[in-house]
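Protein chains in written order, with this note's numbering: chain G, 7 to 458; chain A, 524 to 700.
Even glycine gets a Cβ: it sits at the ideal position worked out from N, Cα and C.
Below is one structure, written out as structure tokens; comments come after it.
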């Protein structure tokens, strides 16, 4: 496999509704930004791009099949190769990795990954229905299909197993909303408190409206290139760019129905699902105790797909101690609770410790006033951008939005793109992005690193 | 401090006015500033859904029987039927499940998909059965949705069935045993 560089990216303004643009024009908004950032005219760029991967989740929201080809021709990229990928909420992450594959394999030197979703075309209640169609329509959807309900069931089990509290979940909401105050791309700019989260309308007990991301219209794109491709882009632009390399790729899956998730033994967990930082005697004793008390893996409280994706990506990028070796994470916080579950899957803490990790302060940014009493200093900021909860979740764009923010973090250019550098992770050298579908059905983790 | 219980805006609905024409500028250059035209487009379908190999499960519900499947190779038992074993890939056969189990986890839905909005608030639960390897998604009735408690987890529950079947998984639901 050849080295793959993430050269540039763009994000459209995410909003509840963008009736001013059709989906093609929203992607163009992101693409134009990405090109302007490296000083290329569309005509120059379109000569350099070898092909594309398109990302959008639901055909229902557009009431249009083959939407990606309409983006391809709108951008002026026909007749170059292209295809669409779809994998629920992880669609953007899968798209990023498909573009990586195209470049790493030598099929393309420059590949454009673009994604979008335009969810405002139906009312929220109908949108919930469309999204819930991503659950088994024979056995799950007809019982009361509602994704927030599915996640809330995971929450009650997480609370019961580990003593996780709603206040710990609210810490995630406060962190991500207050981070997003400094991110002009975010859909929501709200300075909130734990109390605001708990007093917001209840959606699916115990998740309130401020524990849950919203539907959005938006688009994002990323340009990936080989060394040769990057050299060509730099030649055309007449200057060199800060180098960000994709050093790790991982994916996992799990059963569509939450009810089908297995309840594995301690031995199987250690054999198939444990991370390098969980091999010490202390971790083994911790997990043995969990199993002795009835914990079974993954059950409905943990995401085996997220763990599998992390394991693969970490092995690829030679990460053995994620909390200490990753400088920031942009992860799929569709729910505050799923951010907590994902801390555990990604090995930032052990299974069962996610609630305490959320309120520890380790995942917060330095220099931001959260109005919280945090016992520990920031170590690995999670969702410095504000995440899905505050930025919005135009499904097909989300995983690519994370990639764009990660590129800017590693380039050290957050200040230029956001108009302020409050969210810039100082000295960031390695970041992880995590994209997640369904009730944990498809998950991707990709590692990006700054290269001197 | 605003009182959150008193509404401050109308709910958005799709009952817009019918418009057959709009103003148009003399100079085409002015079109760059035109506001987007938004139209409503009806979108209704009757969908033909086959339960295929899972059909006996729904026939079972119509006869007050709760069916799962068991792998003929490794013995893994699925509470929600699967005719191909997720553990080993073997073929599965139909088995009858106990009609009593315990709440594994639950939630109260105060909002939801359009189809289920009129039923809010309702309780969703995953039920576990003795000797069965996977769980079953169901509605939990007979508990107060206004007073949810983590103590519901582990509660013994039993199945109840619709007399007039709709051939949907909601033909069965659970109540405290």
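Quiz item: Do the segment 545 to 563 of chain A and the segment 579 to 598 of chain A touch if we need at least three Cβ pairs shorter than 8 Å?
Solution: no
Practice problem: Using the Cα positions of residue 392 of chain G and residue 429 of chain G, report the straight-line distance between them to the nearest angstrom. | Solution: Along the first chain, read from residue 1 onward, the residue named residue 392 of chain G stands at position 386. Along the first chain, read from residue 1 onward, the residue named residue 429 of chain G stands at position 423. About 9 Å.
Quiz item: Roughly how many angstroms lie between the CA atoms of residue 235 of chain G and residue 116 of chain G, to the nearest whole one?
Solution: As a first step, residue 235 of chain G is located in the first chain; it is residue number 229 there, counting from the start. As a first step, residue 116 of chain G is located in the first chain; it is residue number 110 there, counting from the start. Residue 235 of chain G and residue 116 of chain G have their C-alpha atoms some 5 Å from each other.
Quiz prompt | Min CB distance residue 217 of chain G to chain A below 8 Å | solution = What you label residue 217 of chain G is simply residue 211 of the first chain in a count that begins at 1. Closer than 8 Å: no.
Quiz item: If residue 634 of chain A and residue 646 of chain A are in contact, beta carbons under 8 Å, what's the gap, nearest whole angstrom?
Solution: What you label residue 634 of chain A is simply residue 111 of the second chain in a count that begins at 1. What you label residue 646 of chain A is simply residue 123 of the second chain in a count that begins at 1. With a Cβ gap of about 14 Å, residue 634 of chain A and residue 646 of chain A do not count as contacting.
Exercise. Consider the Cβ of residue 135 of chain G: report whether some Cβ of chain A lies at a distance smaller than 8 Å.
Key: Here the question's residue 135 of chain G lines up with position 129 in the first chain. Yes, its Cβ sits closer than 8 Å to a Cβ of chain A.
Quiz item: What are the boundary residues of the beta strand (DSSP E) that includes residue 85 of chain G?
Solution: Position 79 of the first chain, counted from the start, is the residue given in the question as residue 85 of chain G. Run containing residue 85 of chain G: none; DSSP gives neither H nor E here.
Quiz prompt | contact_flag[the segment 272 to 284 of chain G, the segment 538 to 557 of chain A] where n(CB pairs < 8 Å) is 3 or more | solution = no
Quiz item: Can the beta-carbon of residue 454 of chain G be found closer than 8 Å to that of residue 252 of chain G?
Solution: Indexing the first chain from 1 puts residue 454 of chain G at position 448. Indexing the first chain from 1 puts residue 252 of chain G at position 246. Yes, the Cβ-Cβ distance between residue 454 of chain G and residue 252 of chain G is below 8 Å.
Self-check item: Any chain D beta carbon closer than 8 Å to residue 166 of chain G
Solution: Protein chains G and A are contained in the structure displayed, whereas chain D is not.
Quiz prompt | Alpha carbon of residue 345 of chain G to alpha carbon of residue 355 of chain G, nearest angstrom | solution = Working through the first chain from its first residue, we reach residue 345 of chain G at position 339. Working through the first chain from its first residue, we reach residue 355 of chain G at position 349. If I take the Cα positions, the gap works out to 12 Å.
Exercise. Per DSSP, which residues does residue 648 of chain A bridge with? Please list them.
Key: Position 125 of the second chain, counted from the start, is the residue given in the question as residue 648 of chain A. Per DSSP, A:629 and A:661.
Exercise. Just grab the DSSP bridge partners of residue 208 of chain G for me.
Key: Locating residue 208 of chain G in the first chain gives position 202, counting from the first residue. Bridge partners of residue 208 of chain G: G:214.
Quiz item: Would you say residue 700 of chain A faces chain G, with C-beta separation under 8 Å as the test?
Solution: As a working note, residue 700 of chain A is residue 177 in the second chain. No - not a single Cβ of chain G is within 8 Å of the one on residue 700 of chain A.
Exercise. Compare the C-beta of residue 530 of chain A against all C-beta atoms of chain G and say whether one is closer than 8 Å.
Key: For the purposes of this step, residue 530 of chain A is identified with residue 7 of the second chain, where counting begins at 1. Taking Cβ atoms only, chain G never reaches closer than 8 Å to residue 530 of chain A, which makes this a no.
Quiz prompt | Rounded C-alpha distance that separates residue 398 of chain G from residue 449 of chain G | solution = As a first step, residue 398 of chain G must be located in the first chain, where it is residue number 392. As a first step, residue 449 of chain G must be located in the first chain, where it is residue number 443. Between residue 398 of chain G and residue 449 of chain G, the alpha-carbon positions lie close to 19 Å from each other.
Quiz item: Quick one: what's got a C-beta closer than 8 Å to residue 658 of chain A's C-beta in the same chain, skipping five residues either side?
Solution: On the second chain, position 135 is the one that residue 658 of chain A refers to. Contacts found: 602, 603, 627, 649, 650 and 651.
Quiz item: Any beta-carbon of chain A closer than 8 Å to the one on residue 263 of chain G?
Solution: For this step, residue 263 of chain G is matched to residue 257 along the first chain. At least one beta carbon of chain A lies nearer than 8 Å to the beta carbon of residue 263 of chain G.
Quiz prompt | Proximity test, Cβ basis, 8 Å: residue 645 of chain A and chain G | solution = Walking along the second chain from the start, residue 645 of chain A turns up at place 122. Residue 645 of chain A counts as touching chain G.
Quiz item: Per the contact definition of three or more C-beta pairs closer than 8 Å, is the segment 666 to 678 of chain A in contact with the segment 282 to 293 of chain G?
Solution: Contact between the segment 282 to 293 of chain G and the segment 666 to 678 of chain A is absent: fewer than 3 CB-CB pairs across the two stretches fall below 8 Å.
Quiz item: At a CB-CB cut-off below 9 Å, which residues of chain A make contact with residue 172 of chain G?
Solution: Start at 1 with the first residue of the first chain, and residue 172 of chain G comes out as number 166. Within chain A, no C-beta atom comes less than 9 Å from the C-beta of residue 172 of chain G; the nearest is roughly 11 Å away.
Quiz item: Out of G:39, G:169, G:118 and G:362, which has the shortest C-alpha to C-alpha gap to residue 301 of chain G?
Solution: Counting from one through the first chain, the residue named residue 301 of chain G turns up at place 295. Among G:39, G:169, G:118 and G:362, the Cα nearest to that of residue 301 of chain G is on G:169.
Self-check item: Opposing strand residues paired with residue 684 of chain A [DSSP bridges]
Solution: Reading the second chain from its first residue, position 161 is the one you call residue 684 of chain A. Looking at the DSSP assignment, residue 684 of chain A forms a beta bridge with A:695.
Quiz prompt | Partners in chain A for residue 151 of chain G, counting only beta-carbon separations shorter than 8 Å | solution = Here the question's residue 151 of chain G lines up with position 145 in the first chain. Result: 635, 636, 638 and 639.
Quiz item: How is residue 307 of chain G classed by DSSP in three states: helix, strand or coil?
Solution: Residue numbering aside, residue 307 of chain G sits at position 301 when the first chain is read from its first letter. Of the three classes helix, strand and coil, the one that applies to residue 307 of chain G here is coil, per DSSP.
Practice problem: Please work out which residues of its chain come closer than 6 Å, Cβ to Cβ, to residue 436 of chain G, disregarding the five sequence neighbours upstream and downstream, and give them in chain order. | Solution: Residue mapping note: residue 436 of chain G aligns to position 430 of the first chain, counting from 1. Answer for residue 436 of chain G: 332, 333 and 455, listed in chain order.
Quiz item: Residues in its own chain within less than 6 Å of residue 71 of chain G by CB, not counting five upstream and five downstream?
Solution: The residue labelled residue 71 of chain G in the question sits at position 65 within the first chain. Around residue 71 of chain G: 65.
Self-check item: Those runs of the alpha helix (DSSP H) which lie wholly inside the segment 288 to 363 of chain G and span at least 4 residues
Solution: 310 to 323, 328 to 331 and 342 to 351
Quiz item: DSSP three-state call for residue 162 of chain G: helix, strand or coil?
Solution: As a working note, residue 162 of chain G is residue 156 in the first chain. Looking at residue 162 of chain G - three-state DSSP - the assignment turns out to be helix.
Self-check item: At least 3 beta-carbon pairs within less than 8 Å: the segment 124 to 135 of chain G vs the segment 219 to 231 of chain G
Solution: yes
Practice problem: Return the chain-ordered list of same chain residues with a C-beta closer than 6 Å to the C-beta of residue 665 of chain A, the five sequence neighbours on each side being excluded. | Solution: Position 142 of the second chain, counted from the first residue, corresponds to residue 665 of chain A. Correct list, in chain order: 698 and 699.
Quiz item: What residue range is occupied by the uninterrupted alpha helix (DSSP H) comprising residue 73 of chain G?
Solution: Position 67 of the first chain, counting from 1, holds the residue named residue 73 of chain G. Start and end: 73 to 80.
Practice problem: Quick one: residues in its chain with C-beta nearer than 6 Å to the C-beta of residue 690 of chain A, no 5 flanking neighbours on either side, listed in chain order? | Solution: Taking the first residue of the second chain as 1, we reach residue 690 of chain A at position 167. Closer than 6 Å at Cβ, skipping near neighbours: 581.
Exercise. At 8 Å on the CB atoms, spell out the chain A contacts of residue 144 of chain G, in chain order.
Key: Here residue 144 of chain G is taken as the residue at index 138 of the first chain, counted from 1. By Cβ distance, chain A contributes 572, 574, 577 and 692.
Quiz item: If you measure from the beta carbon of residue 567 of chain A to each beta carbon in chain G, is any gap under 8 Å?
Solution: Numbered from its first residue, the second chain carries residue 567 of chain A at position 44. With 8 Å as the cut-off, residue 567 of chain A does not count as an interface residue toward chain G.
Quiz prompt | Chain-ordered neighbours of residue 609 of chain A on chain G, where CB pairs are closer than 9 Å | solution = Within the second chain, numbered from 1, the residue matching residue 609 of chain A stands at position 86. Against chain G, the beta carbon of residue 609 of chain A has neighbours under 9 Å at 261, 266 and 268, listed in chain order.
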